[in-house]
Every structure is written in C-alpha cells, then in structure tokens.
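Report on the structure given below.
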Amino acid sequence: LFSAVEMAPRDPILGLNEAFNADTRTTKVNLGVGVYYNEEGRIPLLRAVAEAEKARIEAHAPRGYLPIEGIAAYDKAVQELLFGKGAALIEAGRVITTQALGGTGALKIGADFLKRLLPDATVAISDPSWENHRALFESAGFPVQNYRYYDPFSNGVNRGGMLEDLRNLPARSIVVLHACCHNPTGVDLQLEDWKAVLEVLREREHVPFLDIAYQGFGDGIDQDAEAVRLFAESGLEFFVSSSFSKSFSLYGERVGALSLVTSSREESTRVLSQLKRVIRTNYSNPPTHGATVVASVLNSPELRAMWEAELGEMRERIRSMRLAMVEQLAALGAKRDFGFVAEQRGMFSYSGLTVEQVERLKEEFGIYAVGTGRICVAALNNGNLDSVTRAIHAVL
Ligand code: LMR
Numbered sequence: 003l004f005s006a007v008e009m010a011p012r013d014p015i016l017g018l019n020e021a022f023n024a025d026t027r028t029t030k031v032n033l034g035v036g037v038y039y040n041e042e043g044r045i046p047l048l049r050a051v052a053e054a055e056k057a058r059i060e061a062h063a064p065r066g067y068l069p070i071e072g073i074a075a076y077d078k079a080v081q082e083l084l085f086g087k088g089a090a091l092i093e094a095g096r097v098i099t100t101q102a103l104g105g106t107g108a109l110k111i112g113a114d115f116l117k118r119l120l121p122d123a124t125v126a127i128s129d130p131s132w133e134n135h136r137a138l139f140e141s142a143g144f145p146v147q148n149y150r151y152y153d154p155f156s157n158g159v160n161r162g163g164m165l166e167d168l169r170n171l172p173a174r175s176i177v178v179l180h181a182c183c184h185n186p187t188g189v190d191l192q193l194e195d196w197k198a199v200l201e202v203l204r205e206r207e208h209v210p211f212l213d214i215a216y217q218g219f220g221d222g223i224d225q226d227a228e229a230v231r232l233f234a235e236s237g238l239e240f241f242v243s244s245s246f247s248k249s250f251s252l253y254g255e256r257v258g259a260l261s262l263v264t265s266s267r268e269e270s271t272r273v274l275s276q277l278k279r280v281i282r283t284n285y286s287n288p289p290t291h292g293a294t295v296v297a298s299v300l301n302s303p304e305l306r307a308m309w310e311a312e313l314g315e316m317r318e319r320i321r322s323m324r325l326a327m328v329e330q331l332a333a334l335g336a337k338r339d340f341g342f343v344a345e346q347r348g349m350f351s352y353s354g355l356t357v358e359q360v361e362r363l364k365e366e367f368g369i370y371a372v373g374t375g376r377i378c379v380a381a382l383n384n385g386n387l388d389s390v391t392r393a394i395h396a397v398l
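Numbers given in full-length UniProt numbering equal positions in the sequence shown, counted from 1, plus 2.
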C-alpha cells in the first residue's frame with residue numbers, strides 16, 4: 003500500500019519550524035513563520051485572553067458538541083469586527099458566518115463550497131501570495147493562476163498589471179485578495195486601488211474571496227477592514243476568511259471564521275444549510291475553547307478594551323522594529339536602501355533577499371527566513387536585531 007509513496011517536500015513555512023527546532027545553536031532566530039514574539043522573544047498570552055480563560059475554567063463549563071456553524075455569539079462578533087457594528091448588510095441578514103479551524107480552515111471550507119458552486123472556475127491569487135493559497139485551491143480541484151501584484155522595482159503594487167490580469171481572467175473566476183497586511187510582501191492596495199479592483203471584478207463577474215488574517219496589525223482594527231467594508235457596500239456577493247491566530251495570539255487554538263455575503267436573508271438561509279454540509283463531512287463541528295475565549299473578550303467592553311490596547315502594543319512594537327531594522331542596516335553601510343521595510347504593513351517584509359542569501363542566513367547564522375525572502379519582522383526584538391541585521395548585511 004505505502005511502498006510507492008514518495009517523500010513530500012517540507013512545507014515552505016511550517017517546515018522551517020521543524021528545521022529551526024532541530025537547530026542546536028543558541029543564537030538561532032526564527033523569522034520564518036508568521037508569529038508575533040514579544041520583546042522577550044516569547045509568544046505572548048494576552049492578558050485579555052488569560053482573564054477570559056480564567057472565567058471559563060472557573061465556570062467548569064460542559065464540553066458538548068457545538069452547532070456545525072459554531073458559537074452564535076462568536077460568529078456575530080466576527081461579523082461586527084469585519085463589517086462594523088450595525089452594518090447594513092448584517093441587519094439585512096446578508097451575511098452568514100461559520101466558525102472555522104483558523105484562517106486556513108476557512109479558506110478550505112470556502113474552496114470546497116465554491117467547487118460545488120463553480121466547478122469549472124479558475125482561481126487567481128496574487129504574485130506572490132501566501133504559499134498555502136495555491137495548494138489549498140488546487141487541492142479543492144481548481145486550476146490556480148497568478149495576477150501581477152508586487153513590483154520589485156518600486157517595492158509597491160503593480161497596479162496596471164494587476165487590473166489588466168484581472169480583466170483577462172475568464173469571466174466568473176474566483177479572485178483571492180489579501181484585505182490588509184499582504185502576505186508575504188507587506189504591501190497593500192490603497193482605497194482608490196480597491197475601488198478600481200472592485201469595478202473590474204464587477205464587470206467580469208468574478209467572485210471575490212477576501213482573506214484577512216492580520217486585522218489590527220496594519221493601521222488599526224477598523225482601518226484594516228476598509229477593503230472588506232468597501233466590498234460590503236458594493237452589493238456584490240463575496241467570501242471572507244478571517245483569523246484570530248495572530249490578533250489574539252491563539253495560533254494553536256485554530257480560531258478563524260468564514261463569512262459569506264449573499265444577496266438576501268432568504269438566500270443566506272439556503273446557503274448556510276449547504277455550507278453546514280461541507281463542514282459536517284469535513285470535521286463535523288468546531289472546537290469550543292478558542293472561540294469561547296474570543297467571543298467572551300469581544301463581547302465584554304472591559305476585556306475588549308484590554309485586547310485592543312494589547313493589539314495596539316503589538317502593532318507599535320512591530321513598527322518600531324521595522325524602523326530600527328532600516329536604521330541599523332543603513333548604519334552598517336548596506337548599499338541597498340531598505341527604507342521600504344518601514345512602509346510595509348503587518349508582520350512581514352519582503353526583503354528582496356535571494357534564495358541563496360536566505361540559505362546562507364540559515365547555514366552560517368542560524369537565522370531562518372522563507373525562501374522567497376519573506377522575513378517576519380514581528381520576531382525581531384532589541385536582543386536579536388543587531389545579530390540579524392549584521393547577518394543580513396553579511397549575506398547581501
Ligand atoms: C504564515 O504565513 O507564516 C502564517 O500564516 C502561518 C501559516 O500557516 O503559514
């Protein structure tokens with residue numbers, strides 16, 4: 003049965019964790035996976051999360067099965083975070099949300115559901131995109147192609163190329179868009195760009211699939227939802243996958259959600275009934291802990307304020323690390339101007355390092371980054387910044 007099974011390559015992102023964990027050097031630094039580490043180099047347990055967990059443990063709550071679509075209070079809180087409290091489309095019953103196993107789980111249920119709705123569609127993802135986007139949609143049975151996105155010359159967005167490629171896709175394609183904090187480049191569209199993209203999607207009847215895994219890490223919770231809200235006002239039907247892995251520092255709890263915007267309350271009822279079948283035949287129903295904690299925090303004014311402050315601290319610390327990295331590289335005499343790193347949003351910087359340079363960082367310095375040159379700025383701190391920038395300067 004298994005004799006012909008070939009060895010699969012390591013996952014380009016999570017595989018780095020395996021290699022990093024096996025590295026015995028005490029000076030090693032993991033800039034691979036998108037995880038926020040605090041100034042002490044640890045993944046924080048947020049105070050708001052600890053408070054909500056304490057209350058939950060003290061309540062000795064039973065652990066029955068959740069509804070297939072998850073905890074109602076959680077799903078509602080997700081909608082309000084994405085679309086804004088009291089948003090017209092929530093009031094009109096045009097949004098359905100199901101709890102999902104992280105952002106990846108949301109993408110997977112969405113992809114499987116789309117395969118039933120549009121079996122012959124093409125999926126388009128940005129060039130470059132998060133490594134798992136292609137794999138997820140291909141494994142759901144779709145052909146996946148790229149649209150132009152990043153312009154390495156300006157370290158910005160190739161706006162013209164992007165719009166042209168979206169226009170040239172077969173009509174009714176599925177277009178995956180990073181709503182904020184683009185992974186891996188950290189380069190986002192501006193509101194005017196989003197409007198132009200939206201018009202092309204409308205013209206070509208493409209199906210937007212917005213992926214928002216870093217809400218709050220760009221400019222703020224509401225600011226980062228700008229694109230989602232623009233789409234919400236457009237009258238289009240679309241998909242949104244979202245995640246609390248990063249914003250609640252709950253990576254291992256797999257807390258995400260899939261939201262679908264339909265055209266009416268009546269349609270929502272039918273769509274949800276089908277989406278539940280996709281979930282039931284996948285993992286039956288979601289786990290309780292993480293979503294209970296997130297719902298408690300988002301629905302308590304006190305804990306919510308605490309969480310927003312903690313999220314703000316994470317965002318600001320990343321920003322200060324970006325600035326410090328740019329300054330240090332300049333002080334070391336780097337020939338390349340790294341000023342663009344300070345302009346990028348979210349956890350990542352698309353550093354421009356080549357595969358060979360990334361390999362040298364790992365081999366010679368124990369510094370792990372993704373092969374594409376993506377580095378996780380959220381893993382920098384004042385203790386490792388010097389060694390990281392010196393190593394980058396050495397391999398340049
Ligand atoms: C990342 O891009 O590093 C994160 O989203 C983690 C993952 O699942 O790849």
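In this text, a Cβ means the ideal position worked out from N, Cα and C, and glycines have one as well.
* Asked: For E366, which residues from the same chain have a beta carbon less than 6 Å from its beta carbon, with the 5 sequence-adjacent residues on both sides left out?
  -> none
* **Contact under 7 Å by Cβ, V390 with S351** => no
* Does the Cβ-Cβ distance between A137 and S175 come in under 7 Å? -> no
* When you compare each of C182, H62, A371 to G354 by their alpha carbons, which one comes out closest? -> Nearest option by C-alpha distance: A371.
* Just to confirm, are D114 and T99 a CB contact at a threshold of 7 Å? -> no
* Reduced DSSP category for A24 - H, G, I as helix; E, B as strand; rest coil -> helix
* Identify, in the order they occur along the chain, each residue of the same chain with its Cβ nearer than 7 Å to the Cβ of G163, setting aside the five sequence neighbours on each side. => R150
* Determine the direct distance from the alpha carbon of A75 to that of L262, and round the result to whole angstroms. => 17 Å
* Asked: Is the distance from the Cβ of L165 to the Cβ of A381 below 7 Å?
  -> no
* Asked: If you measure from the CB of V379, is any heavy atom of the ligand LMR nearer than 6 Å?
  -> It does not: the Cβ of V379 is nowhere closer than 6 Å to a heavy atom of the ligand LMR.
* Determine the direct distance from the alpha carbon of S245 to that of A311, and round the result to whole angstroms. => 18 Å
* Asked: Whose CB is closer than 5 Å to a heavy atom of the ligand LMR? List the residues in chain order.
  -> I15, V35, G36
* To do: Report yes if the CB atom of R347 is closer than 7 Å to the CB atom of D190, and no otherwise.
  => yes
* **Which of helix, strand or coil DSSP assigns to F4** => coil
* Rounded straight-line distance, which links the Cα of I70 to that of S286 -> 6 Å
* For E255, count neighbouring C-beta atoms within 10 Å of its own C-beta (all shown protein chains included) and say buried if the count is 16 or more, exposed if not. => buried
* Three-state secondary structure assigned by DSSP to L68 -> coil
* **Environment of H135 [buried if 16+ CB atoms lie within 10 Å]** => buried
* Can you give me the Cβ contacts of Y67 inside the same chain, cut-off strictly under 6 Å, excluding the 5 residues immediately before and after it? => N287
* Asked: Taking the Cβ atom as the reference point for each residue, do L331 and F340 lie within a distance shorter than 7 Å?
  -> yes
* Asked: CA-CA distance, N386 and T374?
  -> 22 Å
* Take Q101 and list the residues in its own chain whose beta-carbon comes closer than 7 Å to its own, dropping the five residues that flank it on each side. => E71, G72, I73, Y76, D77, A259, P288, A293
* **CB contact flag (R306, L313, <7 Å)** => no
* So does the region 50-69 actually touch the region 194-206, counting three or more Cβ pairs closer than 8 Å? -> no
* To do: For my contact list, E55 and V295 are in at a C-beta cut-off of 8 Å; report their separation, rounded to the angstrom.
  => 6 Å
* Residue interval of the beta strand (DSSP E) (run including Q225) -> Per DSSP, Q225 belongs to no beta strand (DSSP E); it is in the alpha helix (DSSP H), 223-226.
* Please report how far the alpha carbon of D226 lies from the alpha carbon of A6, in whole angstroms. => 47 Å
* Sequence-distant residues of the same chain with beta carbon closer than 7 Å to H291, five excluded per side -> E255
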